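Residue numbers (our numbering): 8 to 891.
Set out below in structure tokens:
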């Protein structure tokens, strides 16, 4: 009765289920709590508390509870990928799988003595047995294919702890620096802390010059200027630089400066915030400099306590805390009262991870400020970040003053540069402060001539990256010998006459922990591989530049992580650079289905974005075209001289994952108009062309930056390139515009194959058609023999495997010939479709779909054939069938 009357229990939430699993995982007995605590940077009272934290907070960070378990690796190994790693272990199936690069349960069990082997029958059992019995000298049962010596458990655990600690440090540096409450010192506490500095301030009375640039901010300017008037420290000079305002700003400046002689108005033609600040710096006469923007305000004790701290600590610069209103996004309009606070100490690594020092909170010695050479007028955003980075690099990171003294307007305003300019300006500001190009140029002649550096930027993907690196190393281990027909020993040697050595520099662009951790575990014993994890995603451009800076080879290959180099790929690229006129070279890039991904980069004239030459065409088209010299190549796989890349300052970080390679090539040709870029067909790389999350987010901004830089200077249209392949560029198909702020559109070439006749041989004067032979694996030999016979008749032939049957360039084909056993090919519109040996096609629906059929079982057709169909029958050796 009680059970019937009791209300039904509430349904389990996701969190309830996670916590149930946490308790079950404790029972597994495999948690390495020290390892997990190191990874997340906190301590737990118990195993259950640690695992509950894991279950509730793993998210996209890719955490792990033990060096023996990489969840993503384990999920790839288990039979049913629908199970999570803990589901799989809980099932205790007899499948023995690898749970990480360093722990293969099957290998571990196989190496046990006979008694233990009989008792350990599951992957979980193997893990438990290892945890109970292994000591620091136990060799790890590493996964098959892992290179190098097997580490001991002591060595592997120490390495894993170091990687976990580095991840925790990175997470701390990139933590959210805004907090909902101030929580810092109040004014009284700050005055007590800096009492000695306050005494010096009153005794010395230094003049502080305040630089305030403004442009059309009349509504906000008065509040900013009055906040200076209200300062408790009164020996200041306010320089208001009006950057060509057209609203009431000049009147506001004139009215307020007339009331206070400490305010100095300066007017200039509009030149931007950096130029306005530089004008203010030039007019400054104080021993210290402070900055204020016209839409922000200071609290009354800002100068007093900032100067006191600077004098007391002997620092060159200090910064204070901020109260921020708004989140600088379009949602601010609905919630403008959103309030957060910012302010804390940090070092250089913190600053490189992201700016935490606002210009409005900064006070700096004038001598230090002047030595920096002012603000960078080429930057459109993150101007203050660049300034703080240069200041910190030369004088140390400004000291933090625990005092709330700035009210910062962070609401969304489309007229504000920070609201409308792209995020990639952050990398533009950062790049020259983390890469010493001058030092790299000085050291360039000393780079190893026998070494090729392979730079691979990575974002959130370790599987393809592992395959890409393994392929590079495997080819290097073979001495670079090619599998291609006719290759000789000389094909594997560089122009130095010795086998090529490689180093691989992986730049992990702040992926989840599992990416760099898994790659580090897999390649830990491979000295040729270095994995450098970034605190933030630096995009392809700056990521590649950082890899260049870390490399040591005289030649550098930029290689996408979704590529797979083919045997003998590297030596032809190196040899191509023996010609001084060649500035860079790319291999022939193929899709996995064998069609062309990129055989060079082709331009269509001004205001036309370039495209990949012969993309989605059969590889044979690239062979017929035989085009090697181009104005640009793709950096998906491209080799350069390290010295050249350094002189060009690498890729421009203003481009966020798009057009940075084309821009690099055009900048190089600006420097060397007699130079060229090459495509080397003897070198082949398969490009799987994955799309990393967020890769296209900056597509519009990339197009705008590219067009602003190269408008009027795009290379001329290159229609003649197609002629050698027997094709014609008939026009350019324009894509949809990406809004009207960017006056350039994507494009796609319209390629046609004009009719032509056979020029020589027994079929001279008869039509030369383009044939596509759609074969399966079982019919390849038959298709290859047929192709040879057709080519002898002067016909153009393409062999298409099943995954290339429907390539987008198939519209160029005149004839589609299906050689089928088991598959089903859907006839191609616009072509003559022929089924060979219909009696062998196992699918009864296939034969009726083809009007033209030849071979065994071909029906007798009473239908009239046109001239082209008669020619096709004759070319296929079925001329006798025409009389039936």
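Yeah, the Cβ is synthetic: ideal placement off N, Cα and C, and Gly gets one too.
A quick note: this is a predicted structure, and the numbers were derived from the prediction, not measured.
Proximity below 9 Å, CB of residue i to CB of residue j
i	j	result
residue 592	residue 646	yes
residue 186	residue 542	no
residue 512	residue 462	yes
residue 407	residue 295	no
residue 883	residue 793	yes
residue 694	residue 598	yes
residue 480	residue 166	no
residue 808	residue 601	yes
residue 455	residue 71	no
residue 620	residue 684	no
residue 732	residue 628	yes
residue 686	residue 635	yes
residue 661	residue 556	no
residue 611	residue 724	yes
residue 403	residue 523	no
residue 96	residue 134	yes
residue 741	residue 752	yes
residue 355	residue 400	yes
residue 736	residue 756	yes
residue 590	residue 679	yes
Selection from the options that minimises the alpha carbon distance to residue i
i	options	result
residue 858	319, 676, 828, 823	823
residue 309	368, 272, 296, 353	368
residue 345	621, 414, 840, 401	414
residue 46	82, 68, 98	68
residue 223	258, 216, 137	258
residue 617	375, 670, 872	670
residue 428	388, 802, 440, 635	388
residue 172	540, 735, 570, 78	540
residue 303	366, 44, 315	366
residue 111	100, 76, 587	76
Status (buried if at least 16 other CB within 10 Å, exposed otherwise) for residue i
i	result
residue 503	Its pLDDT being 43, under 50, residue 503 is placed unreliably in this model, and the value from its coordinates should be taken loosely. Residue 503 should be labelled exposed.
residue 108	buried
residue 667	buried
residue 875	exposed
residue 279	buried
residue 528	buried
residue 833	exposed
residue 42	buried
residue 759	exposed
residue 846	exposed
residue 204	buried
residue 64	exposed
residue 241	exposed
residue 378	exposed
residue 477	buried
residue 460	buried
Where residue i sits in the DSSP three-state scheme
i	result
residue 220	strand
residue 93	helix
residue 755	strand
residue 807	strand
residue 860	strand
residue 137	helix
residue 869	Because residue 869 carries a pLDDT of 42, less than 50, the predicted location of this residue cannot be relied on, and the following value inherits that uncertainty. Reduced to three states, the DSSP call for residue 869 is coil.
residue 678	helix
residue 28	helix
residue 464	strand
residue 3	Since the first residue of the chain shown is 8 and the last is 891, residue 3 is not available in this structure.
residue 525	helix
residue 835	coil
residue 684	strand
residue 271	strand
residue 458	strand
residue 70	coil
Short CB-CB distance (under 9 Å) between residue i and chain C
i	result
residue 131	As a matter of chain content, chain C is missing from the structure shown, which is built from one protein chain.
Whole runs of the alpha helix (DSSP H) within the stretch 600-667, excluding any shorter than 4 residues:
Runs of the alpha helix (DSSP H) inside the stretch 600-667: 626-632, 649-654.
Whole beta strand (DSSP E) runs in the stretch 294-336 with 3 or more residues, listed along the chain?
The qualifying runs are 295-298, 324-332.
Starting from the N-terminal side, write out each stretch of the alpha helix (DSSP H) that is 4 residues or longer and does not extend beyond the stretch 150-234.
If we require 4 residues or more, the alpha helix (DSSP H) runs fully inside the stretch 150-234 come out as 160-180, 194-200, 202-211.
Length at least 3, wholly inside the stretch 775-799: the beta strand (DSSP E) runs in chain order
Scanning the stretch 775-799 from its first residue to its last, the whole beta strand (DSSP E) runs of 3-plus residues come out as 777-782.
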